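All residue numbers for the sequence shown refer to the working numbering, where the first residue is 5 and numbers rise by one. What follows is a set of notes on a single structure, which appears directly below.
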Amino acid sequence: MINLEDETRHVSIGHLSLFVYPWRRLEQDAQSGDLFTCHLVKEAKALVDPDDYLGQLQRSFQFRQSYRKEVEQASDLGWYLVLFGDEMNSALLAKRALWCIRTVLIARSAEQRAPIFAPQELAKQTRSPPARDLLVRRHHHRDDDSLRQALRVFLENETPSTAPPIGADKSIFITRFAETANKVALQTLRQEDESRAGYL
Numbered sequence: 005m006i007n008l009e010d011e012t013r014h015v016s017i018g019h020l021s022l023f024v025y026p027w028r029r030l031e032q033d034a035q036s037g038d039l040f041t042c043h044l045v046k047e048a049k050a051l052v053d054p055d056d057y058l059g060q061l062q063r064s065f066q067f068r069q070s071y072r073k074e075v076e077q078a079s080d081l082g083w084y085l086v087l088f089g090d091e092m093n094s095a096l097l098a099k100r101a102l103w104c105i106r107t108v109l110i111a112r113s114a115e116q117r118a119p120i121f122a123p124q125e126l127a128k129q130t131r132s133p134p135a136r137d138l139l140v141r142r143h144h145h146r147d148d149d150s151l152r153q154a155l156r157v158f159l160e161n162e163t164p165s166t167a168p169p170i171g172a173d174k175s176i177f178i179t180r181f182a183e184t185a186n187k188v189a190l191q192t193l194r195q196e197d198e199s200r201a202g203y204l
């Protein structure tokens, strides 16, 4: 859903969860080739859209020449999960590991001007059998160690240049997340802190 205000709102009614996005921001994101907006313009279906906002968004969308930033941010978070995910909430670890894998593969497909979003189709794009299995059987529970190992193999195969320096500690990652404005990584740290606080 969209609105003409300047803030994103979340509306939750029972099991129904809706996000209401500001039109101006969506239009700017489309013009800058944002991957989330790319997903909207390629796969969204308008239920009620008398002013053709979806059509306007589709016409505004322009691919970036490179999605290297998205690949690097997903890889940075991925390596953090590989190295320090044993301290994390299992559900959050699984959700973010899949986000890292999907983001790298979606970004690569967007660079080819043929974006892919469906997990089953993304699974065909990776050279990493463990990552392929994670995507295809993403609703199956697996232990944290095997999840982190699968993520490690994926990162080593798909983004070898992003490996962190030997002995990198948490502070190096946290600093990099802040310096690169890695919103998902910073949100993950906040969610993990909140999860820990809930047990105190």
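Glycine included, each C-beta is placed from N, C-alpha and C at the ideal position. Every value quoted in this text rests on a predicted model; they were computed, and no experiment measured them.
Whole angstroms is fine: what's the gap from residue i's alpha carbon to residue j's?
| i | j | result |
| --- | --- | --- |
| A135 | R13 | 33 Å |
| D45 | F65 | Checking the displayed sequence, the identity of residue 45 turns out to be Val instead of Asp. Approximately 7 Å between the Cα atoms of the pair. |
| I176 | N186 | 13 Å |
| P164 | L81 | 14 Å |
| M5 | T192 | 25 Å |
| L190 | L39 | 18 Å |
| I170 | A182 | 21 Å |
| E11 | Y25 | 7 Å |
| A78 | A114 | 15 Å |
| I17 | P168 | 42 Å |
| L61 | A34 | 7 Å |
| P119 | S199 | 34 Å |
| R72 | A172 | 22 Å |
| E125 | A154 | 18 Å |
Assuming contact is defined by CB atoms lying nearer than 8 Å, are residue i and residue j in contact in what I supplied?
| i | j | result |
| --- | --- | --- |
| R152 | G89 | yes |
| T41 | L51 | no |
| A101 | V75 | no |
| L22 | V15 | yes |
| R156 | V86 | yes |
| D149 | S94 | no |
| T166 | W103 | no |
| H19 | F121 | no |
For residue i, collect the residues of the same chain with a Cβ closer than 8 Å to its Cβ; drop the 5 residues on either side in sequence, then sort them by chain order.
| i | result |
| --- | --- |
| G130 | Residue identity differs from the one stated: residue 130 is Thr in this sequence, not Gly. I105, L109, R136, L139, F158, N161 and E162. |
| S36 | Q66 and R68 |
| R180 | D80 and N186 |
Give me, in chain order, the residues of the same chain whose beta-carbon lies closer than 7 Å to that of residue i; leave out the 5 immediate sequence neighbours on both sides.
| i | result |
| --- | --- |
| R117 | F67 |
| Q195 | L96 |
| K99 | none |
| Y57 | I6 and W27 |
| A48 | L58 |
For a cutoff of 8 Å on Cβ pairs, would you count residue i as touching chain D?
| i | result |
| --- | --- |
| S199 | The structure shown has no chain D; it contains just one protein chain. |
Excluding the 5 residues preceding and the 5 following residue i in the sequence, name in chain order all residues of the same chain whose CB lies nearer than 6 Å to its CB.
| i | result |
| --- | --- |
| M92 | E196 |
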